[in-house]
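If you're matching positions, the sequence shown starts at 92 in my numbering and goes up one per residue. In this text, a Cβ means the ideal position worked out from N, Cα and C, and glycines have one as well. Report on the structure given below.
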Amino acid sequence: MAFAVAIEMIHNFSLIHDDLPEIDNDDFRHGKPTNHKKYGHSTALLAGDSLLNQAYNVISNELSYSAQNKYKDNTKNKIRAFNEFTKATDRMIVGEYLDTELEGKQISKEMLEYIHVNKTGALLKLCVRMGAILAGTTEKDIERLSIYADKIGLAFQIKDDILSEEGNPEITGKPVGNDKELGKCTYVSYYGLEGAKQELEKVIKEAIDTLEIYKEKAEFLRQLAIYIKERQK
């Protein structure tokens, strides 16, 4: 539970900072005023900082408790999961930096995918890998599930690009067309709207195909991939 709570904190830290004027300059998130619009720029900046720090605090408390209980509480896997956590947070920040730094510039397909895999995919991949690690599964399963996670992470961002182009603001809770105004290179700007939808279909199929070996045990993960493809917000 501590790791799940920490991920939510990192996710919300990233959203608060992502909405700031220096990044995406969004006034609404989930249909409500963004943090900086409601509480002011400095409060939003510090709220994000606090969530980032508190996430590490929550996990370190968990590790400290495990150590004090003579390593009887899956401590080895928890330490490995913590390492995954720190690296994924770093990757997310790298992806966000490149996304803002390359606004209005022509970039390669490889760079576009690199940004998406890190900016959005890093945390989704973390969720899958940490779950597998904490469950004590095999290295082969961790790697197979990582491929699945890479695919759904990329798919999530492709879908975001599509919704930014044709989504309903009343459903998405944020403005449509913001990426185009900022000159961001997205899957829609690179492939066109229909091309982006085709890429989304392909990536989701690849994600689901990696789960074949697990049969009915992977039904939740299959449904998650389908949800990412079909979501409207």
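Between which two residues does the alpha helix (DSSP H) harbouring E234 extend?
Note, E234: alpha helix (DSSP H), E230 to E257.
Around the C-beta of Y156, are 16 or more other C-beta atoms found within 10 angstroms, so that it is buried, or is it exposed?
Exposed, by the Cβ-count rule.
Just tell me which of K324, T191 and R171 has its CA closest to the CA of L217.
Among K324, T191 and R171, the Cα nearest to that of L217 belongs to R171.
Could you give the DSSP three-state label for R120: helix, strand or coil?
Reduced to three states, the DSSP call for R120 is strand.
I need the straight-line Cα distance from S141 to K129, nearest angstrom please.
Rounded to the nearest angstrom, the two C-alpha atoms are 17 Å apart.
Since I believe A223 is in contact with D232 (beta carbons under 8 Å), could you give me their beta-carbon distance rounded to a whole number of angstroms?
D232 to A223, Cβ: 6 Å. Contact.
Excluding the 5 residues flanking H108 on each side, which residues of the same chain have their C-beta closer than 6 Å to its C-beta?
Excluding residues within five positions, the ones whose Cβ falls inside 6 Å are G139.
By a C-beta neighbour count over all protein chains shown, 10 Å radius and 16 as the cutoff for buried, is L137 buried or exposed?
Exposed, by the Cβ-count rule.
Taking its Cβ as the centre, do 16 or more other Cβ atoms sit within 10 Å of N126, making it buried, or is it exposed?
So N126 ends up on the buried side.
Are D252 and T277 closer than 8 Å when you measure CB to CB?
Going by C-beta atoms, D252 is nearer than 8 Å to T277.
Give the single residue among I262, D190, I198 and I304 whose Cα lies nearest to the Cα of Q248.
When each option's Cα is compared against that of Q248, the closest is D190.
Please identify the residue among A97, F94 and G131 whose C-alpha is closest to the C-alpha of P112.
The option with the nearest alpha carbon to P112 is G131.
Let me know the secondary structure DSSP gives M92 once reduced to three states.
Correct three-state label for M92: coil.
Exposed or buried, N209, counting other C-beta atoms within 10 Å across all chains shown (16 or more means buried)?
Its Cβ being crowded by 16 or more others within 10 Å, N209 is buried.
Tell me, to the nearest whole angstrom, how far the beta carbon of I101 is from that of T180; I am working on the premise that it is less than 8 Å.
Yes, I101 and T180 are in contact; Cβ-Cβ is about 6 Å, under 8 Å.
For the candidate residues L245, I238, V279 and K275, whose alpha-carbon lies nearest to that of G258?
Among L245, I238, V279 and K275, the Cα nearest to that of G258 belongs to V279.
Tell me which residues share the same chain as L390 and place their Cβ nearer than 6 Å to its Cβ, disregarding the 5 neighbours each side in the sequence.
Examination of residue 390 is not possible in this model, given that the chain is present from 92 through 324 alone.
Expressed to the nearest angstrom, what Euclidean distance is found between the alpha-carbon atoms of R220 and D118?
Cα-Cα distance, rounded: 33 Å.
Go to A385, then tell me how far its alpha helix (DSSP H) extends in each direction, as first and last residue.
Past the edges of the chain, shown from 92 to 324, lies residue 385, and the structure says nothing about it.
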